[in-house]
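The working numbering puts the sequence shown at residues 4 to 193.
We treat Cβ as the ideally placed atom computed from N, Cα and C, and that holds for glycine.
Just so you know, these numbers come straight off a predicted model, no measurement behind them.
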Amino acid sequence: MNFLKNLTLYISAFMPMYFLVLIKLVVELACGNLTFNVLNSINLATLLLLSGASVWGLLWNIKFNSDVSKEVKILSKKNITDQHFLGYFSLFVLFAIPLDLSYVSVFCVYVVTIVLIGIVYMRNSLYYINPFLNILGYSFYDIEYVEVGSNQVRRAKIFHKGDLQIENKTFFVKLKNEHFSFVDETRRKR
């Protein structure tokens, strides 16, 4: 189950690229530069499927996550969204714009590239590199925290929608791992 959740997080990280390629494909079809052949139909169906899987994966990981929430006191925070977002997003733009997916060879290179990036992404727990979450308003923080009732200081990377205000508050955090967690806003305490 964890592998599937991690895979959907990886798939969702590419949502901006799926959107760019989908726009390109639809515009090319509408302008008559491409025809509705088998490969273009597969591309369109794949992009729609991946987009749907992206949305479903994020909802599964954020809203319907059954991971245990732990009450924590955040001692320090550092917003590090900018350290990861622009480099990854520029990769999407450079990768998506010049692609001509109407050729089987280019489509195969596209798929292999996505698979290779996915292997690195998942093996190194790079779940926090997800520009789609940033587009949705989440910021990425490196935090130091203690679980309520403990004195052991730990570090984690978390997502929080908007600016994280930590003064005199405890939070419930679904600590998936030290590389990817969400502040559970529905159970936040003051």
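Backbone CA spacing between residue i and residue j [nearest angstrom]
| i | j | result |
| --- | --- | --- |
| residue 60 | residue 14 | 8 angstroms |
| residue 141 | residue 33 | 34 angstroms |
| residue 175 | residue 46 | 41 angstroms |
| residue 68 | residue 123 | 24 angstroms |
| residue 154 | residue 76 | 10 angstroms |
| residue 134 | residue 44 | 27 angstroms |
| residue 58 | residue 66 | 11 angstroms |
| residue 70 | residue 160 | 16 angstroms |
| residue 9 | residue 128 | 9 angstroms |
| residue 177 | residue 35 | 48 angstroms |
| residue 149 | residue 158 | 9 angstroms |
| residue 195 | residue 151 | The first residue shown for the chain is 4 and the last is 193, placing residue 195 beyond what the model contains. |
| residue 113 | residue 5 | 26 angstroms |
| residue 120 | residue 23 | 18 angstroms |
| residue 109 | residue 86 | 30 angstroms |
Assumed close pair residue i, residue j - CB separation to whole angstroms, cut-off 8 angstroms
| i | j | result |
| --- | --- | --- |
| residue 11 | residue 56 | 6 angstroms |
| residue 37 | residue 147 | Between residue 147 and residue 37 the Cβ distance is about 52 angstroms, and since that is not below 8 angstroms, they are no contact. |
| residue 144 | residue 82 | 6 angstroms |
| residue 21 | residue 53 | 5 angstroms |
| residue 51 | residue 28 | In fact, because the Cβ distance is near 10 angstroms, the residues do not count as touching under 8 angstroms. |
Three-state class that DSSP yields for residue i in the structure shown
| i | result |
| --- | --- |
| residue 66 | coil |
| residue 130 | coil |
| residue 31 | helix |
| residue 2 | Outside the shown range of the chain (4 to 193) lies residue 2, about which nothing can therefore be said. |
| residue 185 | strand |
| residue 116 | helix |
| residue 190 | The predicted position of residue 190 is uncertain, since its pLDDT is 48 and thus under 50; a value taken from the coordinates is nonetheless stated next. In this structure, residue 190 counts as helix in the three-state DSSP scheme. |
| residue 15 | helix |
Residue from the options with nearest C-alpha to residue i
| i | options | result |
| --- | --- | --- |
| residue 173 | 144, 73, 143, 135 | 73 |
| residue 117 | 106, 152, 18 | 18 |
| residue 138 | 156, 6, 16 | 16 |
| residue 130 | 166, 162, 110, 157 | 162 |
| residue 48 | 186, 25, 149 | 25 |
| residue 40 | 167, 170, 107, 86 | 107 |
| residue 7 | 113, 125, 149, 115 | 125 |
| residue 165 | 136, 158, 149 | 136 |
| residue 168 | 156, 157, 80, 149 | 80 |
| residue 185 | 23, 30, 62, 31 | 62 |
Residues bridged to residue i [DSSP beta-bridge criterion]
| i | result |
| --- | --- |
| residue 226 | Any question about residue 226 goes unanswered here, given that the chain covers just 4 to 193. |
| residue 170 | DSSP output for residue 170 lists no bridge partner at all. |
| residue 123 | DSSP output for residue 123 lists no bridge partner at all. |
| residue 8 | Answer is none; residue 8 lacks a bridge partner. |
| residue 176 | 73, 186 |
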